[in-house]
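Here the structure comes first, spelled out in structure tokens, and everything after it is commentary.
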Amino acid sequence: MPLITRLMLQNFKKFPELDLRFTHDRNILVGDNESGKSTILLALDLVLSDSRHRVEALGVESLLSQSAVRQFQEGERRADQLPVLTADVFLSNGGDPDLNGRQNLAGINADGLRMRIAPMTEEYGRDIHNVLQQDPDNFPYEYYSVRFSTFSGGHFASFRRYLRHLLLDSARIDNEHAAQEYTRTVYSVNVPVADRYRLENSYRQQKMHFCTRHLSAINDTLETYQFGVRVMLPTC
Numbered sequence: 001m002p003l004i005t006r007l008m009l010q011n012f013k014k015f016p017e018l019d020l021r022f023t024h025d026r027n028i029l030v031g032d033n034e035s036g037k038s039t040i041l042l043a044l045d046l047v048l049s050d051s052r053h054r055v056e057a058l059g060v061e062s063l064l065s066q067s068a069v070r071q072f073q074e075g076e077r078r079a080d081q082l083p084v085l086t087a088d089v090f091l092s093n094g095g096d097p098d099l100n101g102r103q104n105l106a107g108i109n110a111d112g113l114r115m116r117i118a119p120m121t122e123e124y125g126r127d128i129h130n131v132l133q134q135d136p137d138n139f140p141y142e143y144y145s146v147r148f149s150t151f152s153g154g155h156f157a158s159f160r161r162y163l164r165h166l167l168l169d170s171a172r173i174d175n176e177h178a179a180q181e182y183t184r185t186v187y188s189v190n191v192p193v194a195d196r197y198r199l200e201n202s203y204r205q206q207k208m209h210f211c212t213r214h215l216s217a218i219n220d221t222l223e224t225y226q227f228g229v230r231v232m233l234p235t236c
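When you line the sequence shown up against the UniProt record's numbering, it's residues 1 to 236, in that order.
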């Protein structure tokens, strides 16, 4: 079984870029609060789990680097310049040709797994263009998709585990999981994909409008935290 040797991130949450190497024995992450320890563990878990559902539950808006989004919004706002999120997990050489390749941020021949969250410009280029033209503050999070692959470029599925891992996180325990899954299934069966993206984008805009109109006055009086809206559509 291979070991994790390196993690490279691009536009993942608070990290515009990160290159972190691991030892073959025990690794301990030490740092102040909000320094990114949990973010590193989340990136590893998402890549190794190959869980599209987990990415959708967290939401692209929460995963994509906000500094990259701001930089895009302050620029020409062209669809071909939309930021891309990449997380590469490098593995020790285990002799598996399916894992080996150069499709990684380092551009070297290595074994590893990749998660890439990018805009679907080929499938929804016109819709993305319309979103960017409608409102200068709007960002097309809903038109992003996630792909899991090996460094060879081949897709890998969760049923084939290249690496055993376990993330213990009590915050992920959810008693409403079954009900959420049922609602998600019914919604996805009855609403076409293009309509889902359009509705999700509109719904997020309404949430932002609500926060700006009704919560900004309250948040202006707070120093240590801010109120917001976290309710999501069934597919988010």
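We put the beta carbon where it would ideally sit given N, CA and C, even for glycine.
Whole-number beta carbon distance between residue j and residue i, since they are thought to touch under 8 Å
| i | j | result |
| --- | --- | --- |
| Leu-85 | Asn-138 | About 19 Å separates the two Cβ atoms, so there is no contact after all. |
| Phe-90 | Gln-81 | About 28 Å; that fails the 8 Å criterion. |
| Glu-142 | Glu-200 | 4 Å |
| Ala-79 | Ile-28 | Not confirmed; about 42 Å, so no contact. |
| Met-1 | Arg-196 | Going by Cβ atoms, the distance from Met-1 to Arg-196 rounds to 38 Å, so no, they are not a contact pair. |
Beta-carbon proximity check, residue i vs residue j, cutoff 8 Å
| i | j | result |
| --- | --- | --- |
| Met-208 | Asp-88 | no |
| Phe-151 | Arg-102 | yes |
| Asp-50 | Phe-148 | yes |
| Phe-156 | Leu-105 | no |
C-alpha distance - residue i paired with residue j, whole-angstrom precision
| i | j | result |
| --- | --- | --- |
| Val-146 | Asp-111 | 20 Å |
| Gln-134 | Asn-190 | 27 Å |
| Asn-109 | His-24 | 20 Å |
| Ala-217 | Gln-205 | 19 Å |
| Tyr-162 | Arg-6 | 15 Å |
| Val-47 | Ile-40 | 11 Å |
| Thr-183 | Gly-125 | 29 Å |
| Asp-220 | Tyr-203 | 24 Å |
| His-53 | Leu-222 | 34 Å |
One or two residues paired with residue i in a DSSP bridge
| i | result |
| --- | --- |
| Phe-87 | In the sequence as displayed, the identity of residue 87 is Ala instead of Phe. BP columns for Ala-87 point to Leu-9, Met-115. |
| Val-146 | Ile-117 |
| Ile-4 | Leu-91 |
| His-155 | Ser-149 |
| Asn-201 | Looking at the DSSP assignment, Asn-201 forms no beta bridge with any residue, so it has no partner. |
Nonlocal neighbours in the same chain, by C-beta distance under 6 Å from residue i, ignoring five residues either side
| i | result |
| --- | --- |
| Ala-118 | Val-84 |
| Leu-3 | His-24, Ser-92 |
Same chain, Cβ closer than 8 Å to residue i, five either side skipped, listed in chain order
| i | result |
| --- | --- |
| Cys-236 | Because the pLDDT of Cys-236 is 42, which lies under 50, any placement of that residue in the model is unreliable, and the number read from its coordinates should be weighed accordingly. Excluding positions up to five away in sequence, the list reads Glu-56, Ala-57, Gly-59, Glu-200. |
| residue 260 | Residue 260 is absent from the model: the chain starts at 1 and stops at 236. |
| Ala-194 | Tyr-124, Asp-127 |
Sequence-distant residues of the same chain with beta carbon closer than 7 Å to residue i, five excluded per side
| i | result |
| --- | --- |
| Gly-153 | Gly-101, Gln-103 |
| Lys-13 | Thr-39, Leu-63, Ser-65 |
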